[in-house]
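Below is one structure, written out as C-alpha cells, with a few remarks after it.
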Amino acid sequence: MITTAPPAPPAPPAPSIRPLLRLRLAPHSALPRRLDGVWWPRSYDLLVELPQLLAALPRAWGHIAGVTVNGAAWSAAPGRMLVANQVVRLRKTVAAHAPDTVVLLAPGHGRWDLLVVPPDTTEEAAEPIMTAVLGDRA
78 MITTAPPAPP
88 APPAPSIRPL
98 LRLRLAPHSA
108 LPRRLDGVWW
118 PRSYDLLVEL
128 PQLLAALPRA
138 WGHIAGVTVN
148 GAAWSAAPGR
158 MLVANQVVRL
168 RKTVAAHAPD
178 TVVLLAPGHG
188 RWDLLVVPPD
198 TTEEAAEPIM
208 TAVLGDRA
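The structure is reproduced here in C-alpha cells:
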C-alpha cells in the first residue's frame, strides 16, 4: 500500500510592504526659494506615485487640489483623480523652463515646487542630486 502525504498548505501571502517614499523637503522658511523639495518616484505612473507623494506632505501645506507635471515625462493620466477622498486636478505641461518639476497647488495655502529625479536614476546618481538641491539641509 502506498500512502501519500497531504499537500502542504499554501504559503501565506507576503506582507504588503510599501517602499519608503523618496522625498526631501526644504526646511520651513519665510524666504522664497525656487525649489521646496526633491522627489524621486519609483515609476513614471502618476496614478500610482501621486497618492503616495500627497499622503507624505506636511499637513500645513493643506489639501493639494492641483498638480502640474511635465507631460513628456509621465505616462498617461486623467485630468483629475481621487486621492484620499478628495479630487486633485492634474495638468500636464511641456514648459521648457521647468521640465523636471512637479508643482503642487493648495488653495489658500500656497504653491510648492518639487524637483523630480527620474525614476530610472541610480541611487548613486540620485542621492547627490537630492542633497545638493536642498543645500545639504534636508
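Each residue of the sequence shown is one higher than the one before, counting from 78 in the numbering used here. Even glycine gets a Cβ: it sits at the ideal position worked out from N, Cα and C.
So, using beta-carbon positions, are Trp-116 and Val-179 closer together than 8 Å?
One-based indexing of the sequence shown puts residue 116 at position 39. One-based indexing of the sequence shown puts residue 179 at position 102. Yes, Cβ-Cβ distance for Trp-116 and Val-179 is below 8 Å.
Report yes or no: do the region 127-134 and the region 98-107 share at least 3 C-beta pairs separated by less than 8 Å?
Segments in contact, yes.
Please classify Arg-214 as buried or exposed, where buried requires at least 16 other C-beta atoms within 10 Å of its C-beta.
Against the sequence shown, residue 214 aligns to sequence position 137. Unreliable positioning characterises Arg-214 in this predicted model, as indicated by a pLDDT of 49, which lies under 50. The coordinate reading is nonetheless provided below. A residue is called buried when at least 16 other Cβ atoms come within 10 angstroms of its Cβ; Arg-214 does not meet this threshold and is exposed.
Use the C-beta contact count for Leu-159: other C-beta atoms within 10 angstroms, 16 or more gives buried, fewer gives exposed.
As a working mapping, residue 159 is identified with position 82 in the sequence shown. In the assembly as shown, Leu-159 is an exposed residue. Its beta-carbon has fewer than 16 other beta-carbons within 10 Å.
Which of helix, strand or coil does DSSP assign to Pro-119?
For the purposes of this step, residue 119 is taken as residue 42 along the sequence shown, with counting starting at 1. Per the sequence shown, the amino acid found at residue 119 is Arg instead of Pro. For Arg-119, the three-state secondary structure derived from DSSP is coil.
Return the first residue and the last residue of the beta strand (DSSP E) that Ala-209 is part of.
Here the question's residue 209 lines up with position 132 in the sequence shown. Unbroken run through Ala-209 is the alpha helix (DSSP H), 200-210; no beta strand (DSSP E).
Which word fits Pro-104, buried or exposed, when buried means at least 16 other C-beta atoms lie within 10 angstroms of its C-beta?
Along the sequence shown, one-based indexing puts residue 104 at 27. In this structure Pro-104 is exposed. Its beta-carbon is surrounded by fewer than 16 other beta-carbon atoms within 10 angstroms.
Strictly by DSSP, which residues pair up with Asn-147?
By one-based count along the sequence shown, residue 147 stands at place 70. For Asn-147, which the question treats as bridged, DSSP gives the partners Thr-170.
What residue does the beta strand (DSSP E) around Ala-154 start on, and which one ends it?
As a position in the sequence shown, residue 154 is number 77, starting the count at 1. Here Ala-154 belongs to no beta strand (DSSP E), and DSSP marks it neither H nor E.
By the 10 Å Cβ neighbour count, where 16 or more other Cβ atoms means buried, how is Val-194 classified, buried or exposed?
For this step, residue 194 is matched to residue 117 along the sequence shown. The residue is buried, with at least 16 neighbouring Cβ atoms inside 10 Å.
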